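Shown next, in the form of structure tokens:
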């Protein structure tokens, strides 16, 4: 898996509940979109219920690239609310 702007911190591991990159998260049935907000502008990417962790990480990376945010981000976790998954960043 080649990521351009996304770095995955070990802090994200508890959110994965022992899953591998190729496992589908147990809460994936509740997710419809991934949201990334940069400079008060939100970008969304639709995701399918069968997305693996690898697919999710690649989708977040693509959102970062499309947002024109030129800084690499360290993913520390995720939150899911009302079908929308939002990254939690390391500061």
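Residue numbers (the numbering used here): 5 to 95. Note that the Cβ used here is the ideal one computed from N, Cα and C, for glycine as well. Just so you know, these numbers come straight off a predicted model, no measurement behind them.
>> Please state the DSSP three-state secondary structure of residue 46.
In response: On the chain shown, residue 46 is found 42 positions in, with the first residue counted as 1. Residue 46 falls in the strand class under three-state DSSP.
> Around the Cβ of residue 5, are there at least 16 other Cβ atoms within 10 angstroms (buried) or fewer (exposed)?
Replying inline: Here residue 5 is taken as the residue at index 1 of the chain shown, counted from 1. Exposed.
>> If you reduce the DSSP assignment to three classes, tell me which class residue 29 lands in.
In response: In the chain shown, the residue the question calls residue 29 occupies position 25. In this structure, residue 29 counts as coil in the three-state DSSP scheme.
>> Could you check whether the region 78 to 95 touches the region 6 to 14, counting it as contact only if at least three pairs of C-beta atoms, one from each stretch, sit closer than 8 Å?
In response: Short answer: they touch.
> DSSP on residue 54, reduced to helix/strand/coil?
Replying inline: The count along the chain shown starts at 1 and reaches residue 54 at position 50. Reduced to three states, the DSSP call for residue 54 is coil.
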